[in-house]
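Heads up: the structure comes next, in structure tokens.
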């Protein structure tokens with residue numbers, strides 16, 4: 020029975036095994052996002068100063084570690100001609116799988132460090148966040164880079180992304196299961212639940228990466244044997260100058276001339292901002308726009324749908340990408356975001372059912388667009404390889420550089436949102452009871468009562484005008500992005516010719 024199961028696993032398609040890695044990330048990361056702040060604030064009683072110091076250091080490290088790890092991983096691929104033997108595609112894939120096999124289990128262990136108090140809350144908060152984000156970044160970088168390294172055609176990459184979305188949706192179920200064991204007063208059951216999740220993730224990472232490594236080790240050995248045989252018959256070229264390895268400054272200069280990369284990061288910066296704006300203010304919109312008009316169960320349902328629906332919806336978006344191309348689908352989603360926001364603005368805040376649909380769909384479509392943009396980054400990897408005639412695609416490094424430019428959107432989202440809300444309504448989100456923090460004076464109570472309608476109107480304007488502004492900026496930038504249609508086909512054809520290369524000349528007998 021066990022041998023039969025192993026045989027079935029070994030014959031699984033590569034796309035399924037690749038997609039399963041998303042499951043072992045999402046079962047942990049969704050629980051982390053939902054509970055880590057509440058754990059440190061409500062259970063470990065972290066003070067406000069330590070919390071903000073930890074978040075500030077985390078935001079800086081979160082932006083810098085993507086390009087840093089990408090550079091350390093892929094700097095060897097940047098030069099157009101390298102000293103020594105050429106690096107083959109199976110060797111690149113094996114390098115990424117080795118990194119995943121090491122960093123995946125370490126990522127799961129770092130997840131466990133949040134749920135046991137082992138140091139001063141402020142120090143533990145800082146160390147846990149930075150350690151967790153470091154391993155998560157390593158896993159995400161190499162997992163996303165494999166999307167560009169395993170396939171070149173849009174159809175194959177869409178298939179890989181399809182299984183990622185499917186397994187991410189399954190992984191989101193851990194959020195629903197966590198509700199049954201979450202208890203601030205008795206943390207034991209939740210800790211056991213987190214240990215079980217971490218064990219599943221460790222076993223999954225180990226098994227999946229081992230299966231993929233066995234598959235590509237066979238390919239790499241065959242290629243190595245073929246090259247060894249041909250090397251004896253290889254006609255030596257006259258002295259070919261070898262280029263020096265490219266420095267970081269030279270690589271940044273190359274990126275600054277990469278026009279489509281610059282337009283894409285503008286689009287993605289706004290998208291990351293909008294995704295995190297929706298995540299940060301989703302509970303606030305529910306509370307002040309719908310809490311007195313819908314039941315608690317309906318609010319919980321909307322919250323749960325907002326986690327799992329983006330992954331399921333992305334399966335449909337990917338089928339559209341196969342038919343019409345990623346560029347057209349993303350552009351259509353930007354127009355849909357604009358149209359829905361305008362309709363909601365014209366309808367007003369009193370249309371309860373329309374408001375429920377808009378709040379949920381706004382988050383679902385925005386998260387879905389974020390996931391599709393990874394496919395665009397893989398196309399940029401192809402164009403970067405062709406424009407700079409690299410021996411191998413520096414996919415992890417390019418994903419890291421995209422993150423460097425776009426991750427500030429995570430910081431701007433809560434800052435700009437709370438500033439706009441405070442400017443328009445006078446509502447300070449950081450106070451515990453901002454509507455009634457002084458209850459002893461009658462004028463204060465009257466002003467608090469008068470603030471509630473203004474706050475509701477302010478939340479509504481924030482809900483509709485932020486998507487409108489984001490959509491207009493993105494449509495303007497996306498219209499300048501030219502890596503689609505015939506140009507994309509030419510780039511992919513050139514990448515395949517560069518990757519395959521010319522066979523060594525063989526002596527004629």
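In my numbering, the protein residues as written are 20 to 528. A virtual CB, placed ideally from N, CA and C, is assigned to each residue, including glycine. Just so you know, these numbers come straight off a predicted model, no measurement behind them.
For residue i, the first and last residue of its enclosing alpha helix (DSSP H)
i: residue 278; result: 278-304
i: residue 382; result: 371-407
i: residue 73; result: 67-93
i: residue 180; result: 173-190
i: residue 268; result: 267-275
i: residue 360; result: 345-366
i: residue 96; result: No alpha helix (DSSP H) contains residue 96, which DSSP labels as neither H nor E.
i: residue 434; result: 427-444
Residue burial classification, residue i (beta-carbon count within 10 angstroms, cutoff 16)
i: residue 38; result: buried
i: residue 343; result: exposed
i: residue 73; result: buried
i: residue 75; result: exposed
i: residue 180; result: buried
i: residue 514; result: buried
i: residue 207; result: exposed
i: residue 202; result: exposed
i: residue 114; result: buried
i: residue 91; result: exposed
i: residue 505; result: exposed
i: residue 119; result: buried
i: residue 321; result: buried
i: residue 65; result: buried
i: residue 52; result: exposed
i: residue 30; result: exposed
i: residue 228; result: buried
i: residue 329; result: buried
Coarse secondary structure for residue i, derived from DSSP in three states
i: residue 32; result: coil
i: residue 142; result: helix
i: residue 410; result: coil
i: residue 512; result: helix
i: residue 460; result: Confidence at residue 460 is low in this model, with a pLDDT of 39, below 50, so the placement of that residue is unreliable and no value is reported for it.
i: residue 199; result: coil
i: residue 497; result: helix
i: residue 63; result: coil
i: residue 477; result: helix
i: residue 48; result: helix
i: residue 209; result: helix
i: residue 170; result: coil
i: residue 503; result: coil
i: residue 313; result: coil
i: residue 466; result: Bear in mind that a pLDDT of 46 at residue 466, under 50, signals an unreliable position, so the number given afterwards is only what the model happens to contain. In this structure, residue 466 counts as helix in the three-state DSSP scheme.
i: residue 110; result: helix
i: residue 193; result: helix
i: residue 136; result: coil
i: residue 101; result: With a pLDDT of 45 at residue 101, under the threshold of 50, the modelled position of this residue cannot be trusted; read the value that follows with caution. It is coil, neither helix nor strand.
i: residue 246; result: With a pLDDT of only 47 at residue 246, under 50, the local geometry of the prediction cannot be trusted, and the value read off the model is given with reservation. The answer is helix: DSSP assigns residue 246 an H, G or I state.
Whether residue i touches residue j by CB criterion (8 angstroms)
i: residue 210; j: residue 134; result: yes
i: residue 392; j: residue 290; result: yes
i: residue 375; j: residue 288; result: no
i: residue 345; j: residue 394; result: yes
i: residue 360; j: residue 168; result: no
i: residue 148; j: residue 214; result: no
i: residue 47; j: residue 217; result: yes
i: residue 417; j: residue 439; result: no
i: residue 496; j: residue 285; result: yes
i: residue 334; j: residue 185; result: yes
i: residue 63; j: residue 124; result: no
i: residue 293; j: residue 441; result: no
i: residue 296; j: residue 485; result: yes
i: residue 151; j: residue 187; result: no
i: residue 404; j: residue 277; result: no
i: residue 419; j: residue 190; result: no
i: residue 19; j: residue 84; result: Because the chain is modelled from 20 through 528, residue 19 falls outside the range shown and cannot be assessed.
i: residue 122; j: residue 158; result: yes
i: residue 33; j: residue 231; result: yes
i: residue 437; j: residue 473; result: no
i: residue 364; j: residue 483; result: yes
i: residue 171; j: residue 369; result: no
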